[in-house]
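Everything on this sheet refers to the single structure shown next.
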Ligand code: PXP
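Residue numbers (the numbering used here): 125 to 362.
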């Protein structure tokens with residue numbers, strides 16, 4: 125059965141809208157854990173639009189499940205990661221103008237820096253995941269780069285409405301997940317998953333963990349975090 129890591133960035137987005145103390149992302153993380161989430165994910169962005177360094181530090185000191193830090197390879201962020209030591213660092217491409225992460229890593233663009241950051245994280249005994257689009261060449265590269273885990277980008281699958289294209293996207297994800305497992309990599313998946321589209325993707329047994337944020341926090345605004353997390357857990361069988 126797959127684990128669920130709840131991305132709580134949007135709780136911080138709401139707090140930063142007023143730059144006040146509430147809502148408190150740490151409280152959301154603890155409630156998500158109480159509801160059965162097996163991990164908490166945050167993205168510390170260079171522009172600090174939601175999660176702040178202080179959030180990361182308090183989460184590190186308080187949550188009992190796994191802390192997954194999504195991060196770019198920017199020097200300042202890497203330094204913070206090396207100091208705070210999340211359980212998992214998920215390396216993602218980060219663009220200032222994007223609303224959310226737009227796609228998987230482009231290996232041809234930041235090749236040497238990516239390798240360097242992976243090795244720095246490993247030196248501090250931090251497990252590394254690479255956020256990639258579901259292609260066999262990306263999986264092989266992640267393996268070659270010594271990544272421990274891959275996070276398969278499900279954004280294209282989530283955006284697709286046409287049944288035939290949905291089946292094609294699912295096939296890509298399943299193929300990538302199977303290859304990753306065969307190579308000994310951990311397999312996570314996420315982006316754009318909600319209470320409807322998660323049903324098909326969670327039939328792919330090779331996926332060990334889902335990282336889900338927007339849909340859970342959106343539902344939590346209406347029904348509360350504990351219920352929103354519990355409902356998602358029921359769907360993914362966690
Ligand atoms: N995985 C990665 C790498 C992401 O960047 C995000 C968005 O922060 C997610 C998963 C969660 O996506 P969503 O908020 O659409 O569930």
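Where a beta carbon is used, it is the ideal one built from N, C-alpha and C, also for glycine.
Residue i CB to nearest heavy atom of the ligand PXP below 7 Å
i           : result
residue 353 : no
residue 280 : no
residue 131 : yes
residue 311 : no
residue 187 : no
residue 224 : yes
residue 275 : yes
residue 255 : yes
residue 314 : yes
residue 196 : no
residue 216 : yes
Per-residue burial, residue i [other beta carbons within 10 Å of its own, 16 or more giving buried]
i           : result
residue 163 : buried
residue 346 : exposed
residue 322 : buried
residue 241 : buried
residue 156 : buried
residue 283 : exposed
residue 165 : buried
residue 214 : buried
residue 265 : buried
7 Å CB neighbourhood of residue i in its chain, flanking five on each side removed
i           : result
residue 201 : 168, 170 and 195
residue 303 : 260 and 263
residue 140 : 173 and 174
residue 338 : 134
Own chain residues within Cβ distance below 6 Å of residue i, not counting five before or after
i           : result
residue 343 : 352
residue 228 : 255, 256, 257 and 277
residue 149 : 132, 135, 136 and 179
residue 376 : Outside the displayed range of the chain (125 to 362) lies residue 376, so it cannot be described from this structure.
residue 315 : 277, 278 and 279
residue 393 : In this structure the chain extends from 125 to 362, so residue 393 is not present and cannot be described.
residue 159 : 350, 353 and 354
Beta-carbon proximity list for residue i, same chain, < 8 Å, skipping 5 on both sides
i           : result
residue 219 : 226
residue 324 : 290 and 294
residue 250 : 205, 206, 209, 210, 211, 212 and 213
residue 198 : 170 and 218
Should the region 331-342 be called in touch with the region 305-315, which here means at least 3 C-beta pairs below 8 Å? These segments touch.
Contact between the region 273-292 and the region 246-256 is defined here as three or more beta-carbon pairs at a separation below 8 Å; is this criterion met? The answer is yes - the region 246-256 touches the region 273-292, with three or more Cβ pairs under 8 Å.
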